[in-house]
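Enquirer:
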Amino acid sequence: MVTATGASALAAGLTAASVAPATALSPATAPSTVPAEAPPGTDPRAYTTVARAITVYDEHDQPLVPAYLKAIENGLPASRAKATKRVLIVGAGPAGLLAADLLNRAGHDVTVIEANGNRVGGRIKTFRKGGHENGEQPFADPKQYAEAGAMRLPDSHPLLMALLKKHGLPLQEFYLVDVEVKNPTKKANRTWIHVNGVHMRRADYEKNPAKINDTFGVTGPNRTKTASAILADALEPAHQLIRGKEGTALVNGWVEVLKRYGHWSMYRYLTEVAKLDIRTIDLIGTVQNLTSRLHLSFLHSFLSSALIDPKTKFWEIKGGTALLADALYAPVKGKVRLDRRAVRIEHHDGKVKVHTVSEDCQTGNGGVTEVFEGDEAIITVPFSGLRHVAFDPPLTYGKRRAITELHYDAATKVLLEFSRRWWEFTEEQWKEALNSIEHKLYDKYKAGRVEDGTYLGAHKSVKDLGVTIPDKLKKCFTAFRPVMSGEPEAAHTRGGGSVSDNANRFVYFEHSGGTEIGDGGITLASYSWSDDALKWDAYTDDERYLRALAGVQAIYGRRCEVFFTTKCKTQSWMRDHYAYGEASVLFPGQHTELFPDIPASEGSLHFAGDHTSIKPAWIEGALESAVRTALKVHTG
C-alpha cells in the first residue's frame, strides 16, 4: 500500500558541515566510503538472519518460495502433519485468513479472533458498497469505489499472484506512470511536477531537468540529471553488492549491505556514500518521495528499489482490493469471531488462552468478554497493537523490546469523487463541458475570472447524481481556492499521478477508464506519509476535503471544481485503532537489532503479519508469514 511525502527542509539533524555549500558528485566519481563497524553488542548472526529473510531463503540458502507456492496451491503437506490441533489465530488480515484456511484444510480446529466488528482484511480496505462487510454506498455514483489501503499489486510478488489466480479475481493494470487515454500501451508522462513555483510535465522535465533542479540550487553534473537518475546513481554502490547473485552469494551480498549500511539513515547514506549536497537531497526528496523518511532506515527505501524490478508491472483488482479479503474470508467465515479484541494472552504448559472484549466493553459500559482456548496461537496483530496486550508469562526480552520499539509510520489518504474524469479531457472536451454550464465559461476560467466558489459542482452530471451543493459551502470553499491567473493546459492522461510541494504531495488517478465505472471517477487527491500525513491527521475527516480539492486545483487548475460531488472519503492509518499505523518502517539499526526476534516463535505462540517479513506494507509479506507459521504449527 505505498507513496508520498513532504518537500520541506530536511528534518534530520543537520550539521554545519552538511549545510555548507558543496558540489554534488556523481557516485561513479565519488570516493569509496567504508562505513564504521556496527555498534558493539550487535549479534553477528543477525546479519545472516535478516539477509535470509530478505531473500526468503532457508538455513541452507535455498529459496522457500517454491514450497510456499505449493502450500497455497495444494495445501499443507499431509505426510508431515502431526496430531490435530486447536489453533487460535489473532487477527483477520491477509496473514490470519490465509493461515486459517491452510490449517483448516489440513484438518486442524481453527478459530480466528478479530477486533473489528464488521469487516476483515486489515489494511486491505476498499470504500465500496456491499462486500462481506455490507458497506453503505460511499460515493454519489454507485459504480465508484476507492482504496483506503492496499492498491498496487506488483507481479514480482509470486504468492500474491498465485492467490489472485487461484481465486480468479479480475485484474486490470495499475498505471504507476500515466498512459495515453486511447492507447494505454503507450506511456504519456503528461502528469505534472509542481514545485517551487514551477509547473512542468514529467516528459518535459526528462528533457530539461535543469528548469526544476535550478529552483533547488542543484549545481554540477546533477543539475542536468532527473531526480530519478540521481537517486539511481546514488543507490548504485549498494546495488553492486547484490546484483546478479544467487544462493549463498546473494545472502552474503545482503549481509555486506547490512553490515555497511544497516545502522544508517537514508540521509546519511546520501551524504556520505553518494556525496550529495543538501540541495540535491531536497530535490530527490521532493520529487522521488523521500523527504519525510530521510531520517528512517536506509534499508527501508533501498529494499523497495532492490526487491521490485524497474520492469515490474502493477495490477489492481477490478471492484477493489477488498475482493481479495472476500475471497480469503469465504472458506473460513464460520471460523471467524468478529468484535473480539485480544487484551490478555496466557500461555502455560503448551496451552493458550486469549482473553477478549467486545468493542463496546472497552469503556466499561457493558459489552461482552470471552476467553478462547487452544493448543497453539498465531498472532498477526501489528506490534504497535500488541503494546496494549498483556502476556502471561511475559514474552522474552527481545520480543518485548521489539514490541516496544518497532517504529510504525503514518500514512493518510484523501479521496475525492468527480462526476467526470476530467483528467482524461482534451481542451475541446473542457470547452464543451464548461460552456454547457454557462456561455463562454471556458473562456472565463482560462482568463482567471472565476474568483469564487460559485461553480462548485455546477455541471449537470453532478445534479444527475442527486447532489446539490448548498451556497454556504460554495462560500466557504472560496477561502480555500488557490489564486490563479488562468488554467494549465488539459492533462489529457490516464492513470499515473502528479507530485507537488503543497500539502497534497502526491495525487493519483485510480481505476483508469473502463465503461464499468461510468464517466466519473475517484481521485486520490492526497497520499502522504510520516510527518506529512500527521499534518492531515490533525484535521477531522470533513475538514480535509476542501483543503485537498484546493491542492488538486493548484496542480490541475480550478475548473475541475465543476465536477466535484462533495462525496469524499479519507483514511488515516495512524488514527485507525485496529492498525496503529500504516506499517512498520524501521529506524536505522532496527533491522539487525530488532528484526531477528520479531518472527521468532515463543513456545506455543507464533507471530505472523507483514511486520514479521522484510516486506512491510505489502500483502506479499503477510502471505509469506501466513505460510511460514501455518507450516510451523502443522509440522511442529
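With mature numbering (1 follows the signal peptide of the UniProt record, and there is no 0) applied, the sequence shown covers -22 to -1, 1 to 614. Cβ coordinates follow ideal geometry from the N, Cα and C atoms, glycine included.
Run through the DSSP bridge pairs and tell me what serine 206 is partnered with.
Expert: Taking the first residue of the sequence shown as position 1, residue 206 is located at position 228. Answer is none; serine 206 lacks a bridge partner.
Enquirer: Residue ranges of each alpha helix (DSSP H) run of no fewer than 4 residues wholly in the stretch 295 to 357, ordered along the chain?
Expert: At a cut-off of 4 residues, the continuous stretches assigned as alpha helix (DSSP H) that sit fully inside the stretch 295 to 357 are 300 to 307.
Enquirer: Of the residues Lys165, Asn186, Thr33, Leu66, which one's Cα is nearest the Cα of serine 607?
Expert: Indexing the sequence shown from 1 puts residue 607 at position 629. This sequence places threonine at residue 607; serine is not what is there. It is Leu66 whose Cα lies nearest to the Cα of threonine 607.
Enquirer: Roughly how many whole angstroms lie between the Cα atoms of residue 617 and tyrosine 123?
Expert: The structure shown has nothing for residue 617, since the chain only spans -22 to 614.
Enquirer: Does DSSP classify leucine 393 as helix, strand or coil?
Expert: Position 415 of the sequence shown, counting from 1, holds the residue named residue 393. Leucine 393 falls in the strand class under three-state DSSP.
Enquirer: Is proline 41 helix, strand or coil by DSSP?
Expert: Along the sequence shown, one-based indexing puts residue 41 at 63. Residue state, collapsed to three classes: strand.
Enquirer: Does the stretch 507 to 527 touch the stretch 207 to 222, meaning 3 or more C-beta pairs lie closer than 8 Å?
Expert: no
Enquirer: How many whole angstroms separate the CB atoms of glycine 328 and serine 582, which I take to be in contact at a CB cut-off of 8 Å?
Expert: Position 350 of the sequence shown holds residue 328. Position 604 of the sequence shown holds residue 582. Sure, about 6 Å apart at Cβ, within 8 Å.
Enquirer: Locate the beta strand (DSSP E) running through tyrosine 486, then write down its first and last residues.
Expert: Position 508 of the sequence shown holds residue 486. Tyrosine 486 -> beta strand (DSSP E) spans 484 to 487.
Enquirer: Return yes when the Cβ of tyrosine 420 is within less than 8 Å of the Cβ of lysine 438, no when it is not.
Expert: What you label residue 438 is simply residue 460 of the sequence shown in a count that begins at 1. What you label residue 420 is simply residue 442 of the sequence shown in a count that begins at 1. In this structure, tyrosine 420 does not lie closer than 8 Å to lysine 438 by Cβ.
Enquirer: Nearest CA to the CA of isoleucine 415: which residue from Thr432, Ala425, Ala528?
Expert: Counting from one through the sequence shown, the residue named residue 415 turns up at place 437. Among Thr432, Ala425, Ala528, the Cα nearest to that of isoleucine 415 is on Thr432.
Enquirer: Quick one: what's got a C-beta closer than 7 Å to leucine 268's C-beta in the same chain, skipping five residues either side?
Expert: In the sequence shown, the residue the question calls residue 268 occupies position 290. Result list for leucine 268: Thr(-18), Met244, Ile262, Ser279, in chain order.
Enquirer: Look at alanine 532 and proline 594 and say whether their C-beta atoms are less than 8 Å apart.
Expert: To locate residue 532, count along the sequence shown from 1; it is residue 554. To locate residue 594, count along the sequence shown from 1; it is residue 616. Cβ distance not < 8 Å, so alanine 532 and proline 594 don't count as in contact.
Enquirer: Under three-state DSSP, which class holds leucine 274?
Expert: On the sequence shown, position 296 is the one that residue 274 refers to. If DSSP states are grouped into helix, strand and coil, leucine 274 belongs with coil.
Enquirer: Between the C-alpha atoms of asparagine 343 and aspartate 317, what's the straight-line distance to the nearest angstrom?
Expert: Position 365 of the sequence shown, counting from 1, holds the residue named residue 343. Position 339 of the sequence shown, counting from 1, holds the residue named residue 317. In this model, asparagine 343 and aspartate 317 are separated by some 15 Å (Cα to Cα).
Enquirer: What span of residues does the alpha helix (DSSP H) with threonine 374 cover, start to end?
Expert: The residue given as residue 374 occupies position 396 in the sequence shown. It is not in any alpha helix (DSSP H) - threonine 374 carries neither H nor E in the DSSP assignment.
Enquirer: Please identify the residue among Asn167, Asn191, Ala181, Val157 whose C-alpha is closest to the C-alpha of histidine 173.
Expert: Locating residue 173 in the sequence shown gives position 195, where the first residue counts as 1. One detail in the question is off: residue 173 reads as valine in this sequence, not histidine. Of the listed residues, the one whose Cα sits closest to valine 173 is Asn191.
Enquirer: Using only the alpha-carbon positions, how far apart do glycine 53 and leucine 80 sit?
Expert: On the sequence shown, position 75 is the one that residue 53 refers to. On the sequence shown, position 102 is the one that residue 80 refers to. Cα to Cα, glycine 53 sits roughly 6 Å from leucine 80.
Enquirer: State the Cα-Cα distance for the pair histidine 273 and phenylalanine 565, rounded to the nearest angstrom.
Expert: On the sequence shown, position 295 is the one that residue 273 refers to. On the sequence shown, position 587 is the one that residue 565 refers to. Looking at the two C-alpha atoms, the distance is approximately 8 Å.
Enquirer: Since alanine 503 is in the beta strand (DSSP E), which residue starts that stretch and which ends it?
Expert: Position 525 of the sequence shown, counted from the start, is the residue given in the question as residue 503. Note, alanine 503: beta strand (DSSP E), 499 to 507.
Enquirer: Within 10 angstroms of the Cβ of serine 275, are there 16 or more other Cβ atoms? Answer buried if so, exposed if not.
Expert: Sequence index remark: in the sequence shown, residue 275 carries index 297 (1-based). Counting Cβ neighbours within 10 Å, serine 275 comes out buried, since at least 16 surround it.
Enquirer: Between Lys121, Pro120, Lys143, which has its C-alpha nearest leucine 131's C-alpha?
Expert: Here residue 131 refers to the residue found at position 153 of the sequence shown. Shortest Cα-Cα distance from leucine 131 to any of Lys121, Pro120, Lys143 involves Lys143.
Enquirer: In the DSSP assignment, find the unbroken alpha helix (DSSP H) run with leucine 261 in it and report its ends.
Expert: Stepping through the sequence shown from its first residue, residue 261 is reached at position 283. Unbroken alpha helix (DSSP H) run through leucine 261: 256 to 265.
Enquirer: Counting pairs of Cβ atoms below 8 Å between the stretch 474 to 487 and the stretch 168 to 185, do you hit three or more?
Expert: yes
Enquirer: Which residues does DSSP list as the beta-bridge partners of glutamine 150?
Expert: Locating residue 150 in the sequence shown gives position 172, counting from the first residue. Looking at the DSSP assignment, glutamine 150 forms a beta bridge with Glu294.
Enquirer: Can you grab the Cα-Cα spacing for the pair serine 591 / aspartate 575, in whole Å?
Expert: In the sequence shown, residue 591 corresponds to position 613, counting from 1. In the sequence shown, residue 575 corresponds to position 597, counting from 1. Their backbone Cα atoms lie some 11 Å apart in a straight line.
Enquirer: DSSP beta-bridge partners for threonine 89?
Expert: Stepping through the sequence shown from its first residue, residue 89 is reached at position 111. The partner list for threonine 89 (beta bridge, DSSP) reads Leu66.
Enquirer: At which residues does the alpha helix (DSSP H) containing glycine 529 begin and terminate?
Expert: Your numbering for residue 529 matches position 551 in the sequence shown. DSSP places glycine 529 inside the alpha helix (DSSP H), whose first and last residues are 519 to 534.
Enquirer: Would you decide whether threonine 358 is buried or exposed? Buried here means 16 or more other CB atoms lie within 10 Å of its CB.
Expert: The residue labelled residue 358 in the question sits at position 380 within the sequence shown. With 16 or more Cβ atoms within 10 Å of its Cβ, threonine 358 is classed as buried.
Enquirer: Grouping DSSP H, G and I as helix and E and B as strand, with all else coil, what is proline 72?
Expert: To locate residue 72, count along the sequence shown from 1; it is residue 94. Helix, per DSSP.
Enquirer: What first and last residue would you give for the beta strand (DSSP E) that runs through residue 620?
Expert: Residue 620 lies beyond the range of the chain shown here (-22 to 614); nothing can be said about it.
Enquirer: Report buried or exposed for glycine 426, applying the criterion of at least 16 other Cβ atoms within 10 angstroms of its Cβ.
Expert: Indexing the sequence shown from 1 puts residue 426 at position 448. Result: exposed.
Enquirer: For glycine 475, write down the residues that DSSP places opposite it in a beta bridge.
Expert: Along the sequence shown, one-based indexing puts residue 475 at 497. Glycine 475 is bridged to Tyr486.
Enquirer: Three-state secondary structure (DSSP) at threonine 20?
Expert: Sequence index remark: in the sequence shown, residue 20 carries index 42 (1-based). Threonine 20 falls in the coil class under three-state DSSP.
Enquirer: Please state the DSSP three-state secondary structure of histidine 569.
Expert: Along the sequence shown, read from residue 1 onward, the residue named residue 569 stands at position 591. It is helical.
Enquirer: Return yes when the Cβ of leucine 364 is within less than 8 Å of the Cβ of glutamate 580, no when it is not.
Expert: Counting from 1 along the sequence shown, the entry for residue 580 is found at position 602. Counting from 1 along the sequence shown, the entry for residue 364 is found at position 386. No.
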